[in-house]
DNA sequence: TCTCTTGCCGATACAGTGTATTGAGCGATA
DNA sequence: TATCGCTCAATACACTGTATCGGCAAGAGA
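Protein chains in written order, with the UniProt record's numbering: chain A, 1 to 231; chain B, 1 to 231.
Take a look at the structure:
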């Protein structure tokens, strides 16, 4: 249970222990592990081992694994630079969107954690605040609606991009190899003739730059906002 | 590893065993469990127990747990009714969007599985095909771009909605109770004065109907598509 | 009808997980 | 110096996905 947030719970003060250890040290170690081998490599035992400590030692600094994951997410939010204070709403939101995408490129696990639970860490909060500030509409409900819509698109788009990237990596990088792995099955399916458009997508589609695709989709959302609110 | 998809791998033929057991039975049992207690309740042991079988028995029908999850996702895709064949593109995409949202309302775990791995099941494929078919643009790249953008928004929006719903449920339904749980911490944060807009959101914001909020965001995306492609 | 073989099912086993509990050692205080 | 309290590590527990193995039961061949 323990829904009481912990972002400002104090750490134990001085630790003349084997290695001094901080919550920050723990989070950084966890992030390094996750960057290297994915979220599966983030276990209390492995994180502790990376810090020359026993697993149970961590519980002095972090109450539960979910809390550790929250801390990791907030840390990444801290890496995200806010849009220039007086930026145009459109430029500002674009900035935020690409900033999140870049963060997810650096830390692929980030996107897996993003939608899953509420983010109330200090970095998350300042991030939301600065994003809301970009949209200068009078009605706060409209501001929230606009930001939520953009974020929804960003989360969804980044997630699917990372997923695709992982899938490519898993089957071995090249389209060639994919043909050999999922190919036979997909070939059979396409041969049924029930999926003509999917067939066209797979055969005719030119693989465009991912960032560009992301930007185009984002422009749909921003255009829609512009027309609806006359901006 | 085993990237070879399994959607049409044949089942073992006759089973006059204690209970006959089918892949479909297994998937349905898993879905029932997940509907009841979330994805955490989907373990081979629990699913097998629900079918009066030993855990290892399932491996005759399902190669791995990930495969079981894929099958569950595809089953839910099967519940989604496609848009009317000759529907207007806008109406068609709206239909698909709400259909997915409704499915996620029935099966909250669905959205957790959605972005995470590629969906190549038969129901998933026909779903994608019929969605692509609603967008009648000549350039297949544009068709894909439009559908991807809409789906990205839908996934992101539904995910955050379900997440919020779960959070409410966890802290005990009422705003009142939330105030007592996360309240003190958030109150402290807001009291710093560093998050004026967030404060306004929490205090002034009227809690609108979720479906309506979802629809408004969706309209942003659709409007943007309309203006970009002159539809 | 009896035997052999084949294939499936369940029990057991293993490595891993998050975390509760317990015991030992050490630093600070009385 | 003796005691208290705190911290860290070891152990333990329940649980996960899955590999392996042993037995049983049904079908095939003589």
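Where a beta carbon is used, it is the ideal one built from N, C-alpha and C, also for glycine.
>> Check for me: the alpha helix (DSSP H) holding residue 74 of chain A runs from which residue to which?
In response: Start and end: 65-79.
> If you draw a straight line from the alpha carbon of residue 191 of chain B to that of residue 69 of chain A, how long is it in whole angstroms?
Replying inline: Going by C-alpha positions, residue 191 of chain B is about 26 Å away from residue 69 of chain A.
> Looking at chain A, which residues of the stretch 143-155 of chain B have a Cβ within less than 9 Å of any of its Cβ atoms?
Replying inline: Listed in sequence order: 143, 144, 145, 146, 148, 149, 150, 151, 152, 153, 154 and 155.
>> Any beta carbon from chain A within less than 7 Å of residue 200 of chain B's own beta carbon?
In response: With 7 Å as the cut-off, residue 200 of chain B counts as an interface residue toward chain A.
> Counting contacts by CB-CB distance shorter than 7 Å, is residue 12 of chain B in contact with chain A?
Replying inline: Summary for residue 12 of chain B: the model assigns pLDDT 48, below 50, so the residue's position carries little reliability, and this model does not support an answer.
>> Can you confirm whether residue 216 of chain A, when its beta carbon is compared against all beta carbons of chain B, has any partner nearer than 7 Å?
In response: It does: the Cβ of residue 216 of chain A has a partner Cβ on chain B nearer than 7 Å.
> Since residue 119 of chain A is in the alpha helix (DSSP H), which residue starts that stretch and which ends it?
Replying inline: Premise fails: residue 119 of chain A is in no alpha helix (DSSP H) and is neither H nor E.
> residue 197 of chain B lies in the alpha helix (DSSP H); which residues open and close that run?
Replying inline: Residues 196-204.
> Quick one, which of A:88, A:109, A:65 and A:100 has its alpha-carbon nearest residue 242 of chain A's?
Replying inline: No information on residue 242 of chain A is available, as it lies outside the stretch 1 to 231 that chain A covers here.
> residue 21 of chain B to residue 51 of chain B, Cα distance in whole Å?
Replying inline: Their Cα atoms are separated by approximately 8 Å.
>> residue 27 of chain B and residue 67 of chain B - do their beta-carbons sit closer together than 7 Å?
In response: The answer is no: Cβ separation not under 7 Å.
>> If you reduce the DSSP assignment to three classes, tell me which class residue 160 of chain A lands in.
In response: Secondary structure of residue 160 of chain A (DSSP, three-state): helix.
> So the alpha helix (DSSP H) residue 99 of chain B belongs to, where does it begin and stop?
Replying inline: Per DSSP, the continuous alpha helix (DSSP H) segment holding residue 99 of chain B begins and ends at 89-106.
>> Given a cut-off of 7 Å on the beta-carbon distance, is the pair residue 232 of chain B and residue 227 of chain A in contact?
In response: The requested residue 232 of chain B is not part of the displayed model; chain B covers only 1 to 231.
> Taking the alpha carbon of residue 102 of chain A as the point to measure from, which residue in A:224, A:154 and A:55 has its own alpha carbon closest?
Replying inline: Closest option to residue 102 of chain A, Cα to Cα, is A:154.
> So which of B:138, B:118, B:143 and B:139 has the shortest CA-CA distance to residue 130 of chain B?
Replying inline: Considering only alpha carbons, the answer is B:143.
> Grouping DSSP H, G and I as helix and E and B as strand, with all else coil, what is residue 16 of chain B?
Replying inline: Unreliable positioning characterises residue 16 of chain B in this predicted model, as indicated by a pLDDT of 37, which lies under 50. The coordinate reading is nonetheless provided below. The answer is coil: DSSP assigns residue 16 of chain B none of H, G, I, E or B.
>> Can you check whether the C-beta of residue 191 of chain A is within less than 7 Å of a C-beta belonging to chain B?
In response: Under the Cβ distance rule, residue 191 of chain A does not count among the residues neighbouring chain B, no pair being separated by less than 7 Å.
>> Tell me the rounded alpha-carbon separation between residue 157 of chain B and residue 152 of chain A.
In response: Using only the alpha carbons, I get a separation of about 5 Å.
> Mind checking residue 240 of chain B: buried by the 16 CB within 10 Å criterion, or exposed?
Replying inline: Nothing can be reported for residue 240 of chain B: it is not among the residues displayed for chain B, which extend from 1 to 231.
>> Which residue marks the beginning of the alpha helix (DSSP H) containing residue 46 of chain B, and which one marks its end?
In response: For residue 46 of chain B, the enclosing alpha helix (DSSP H) begins and ends at 44-50.
> Exposed or buried, residue 85 of chain A, counting other C-beta atoms within 10 Å across all chains shown (16 or more means buried)?
Replying inline: By the 10 Å Cβ count, residue 85 of chain A comes out exposed.
>> Just to confirm before moving on: does the CB-CB distance between residue 113 of chain A and residue 62 of chain A stay below 7 Å?
In response: Contact flag unset, no.
>> Suppose contacts are defined by Cβ-Cβ distances below 7 Å. Is residue 213 of chain A in contact with residue 140 of chain B by that definition?
In response: With respect to residue 140 of chain B, residue 213 of chain A sits apart: the two C-beta atoms are not nearer than 7 Å.
> Between the Cα of residue 217 of chain A and the Cα atoms of B:161, B:149 and B:45, which residue gives the shortest distance?
Replying inline: If we check each option's Cα against that of residue 217 of chain A, B:149 comes out closest.
>> Determine whether the beta carbon atoms of residue 127 of chain A and residue 162 of chain A lie at a separation below 7 Å.
In response: When the beta-carbon positions are compared, residue 127 of chain A and residue 162 of chain A stay at least 7 Å from each other.
> Roughly how many whole angstroms lie between the Cα atoms of residue 196 of chain A and residue 78 of chain B?
Replying inline: Cα-Cα distance, rounded: 19 Å.
> Are the beta-carbon atoms of residue 169 of chain A and residue 111 of chain A separated by less than 7 Å?
Replying inline: Contact annotation: residue 169 of chain A and residue 111 of chain A have beta-carbon atoms that are not nearer than 7 Å.
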